[in-house]
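When you number the sequence shown by the working numbering, it's gap-free, plus one each residue, and the end is 192.
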Amino acid sequence: MKIAFVSDNGTTISRHFGRARQYVVVTLTEGQEVAREVRAKTGCHGHHHHGAGHDHHSDQHDDHAHHDHAHHDDMLQAIADCEVLIAGGMGTGVDQRLVAAGKRTIRTQMQDIDQALQLFLAGRLGDTIELVH
């Protein structure tokens, strides 16, 4: 099993999925951590650039919705092999894309990745749905 933590620095869980720069991916075998890697998260809002003429406030809602889905898919491609995503919060659009992709998503106020991992392994890391905005 692989778990992706949304992070900016490799040690703490980012408060916002869309702005985070990376994923920390932990590989578990029989409930034990056997590998950990940092993967770049493409398409984060902090580095997101639109092409010329793209207007977020246009009346072309269908085009905008398509853009959002493609943008979220880009962000999720790096964790296609992960079953679980743990984040500090996220927008409803990416939350829906994670569900559609079959990912188990846990939103937590916990900041330390190692502590959150231990609680997850113990079955005690709760999902705080209020962190979807």
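Cβ atoms here follow ideal geometry from the backbone N, Cα and C, with glycine treated the same way.
| query | result |
| --- | --- |
| Closest Cα partner of residue 86 within the set 97, 192, 133 and 78 | 97 |
| The alpha helix (DSSP H) enclosing residue 159, as first and last residue numbers | 151 to 159 |
| Whole beta strand (DSSP E) elements within the segment 158 to 192, 3-residue minimum | 163 to 166 |
| Cα-Cα separation between residue 108 and residue 101, rounded to whole angstroms | With a pLDDT of 36 at residue 108, under the threshold of 50, the modelled position of that residue is not reliable, and no figure is offered here. |
| Residue 64 (DSSP reduced to helix, strand or coil) | strand |
| Backbone secondary structure at residue 95 - three-state DSSP | strand |
| Cβ shell of residue 147 (< 6 Å), same chain only, five flanking positions each side left out | 72, 73 and 74 |
| Residue 65 versus 180, 173 and 189, residue with shortest Cα-Cα distance | 173 |
| Sheet register partners of residue 71 (DSSP bridge) | 171 |
| Residue 190 beta carbon less than 8 Å from that of residue 166 | yes |
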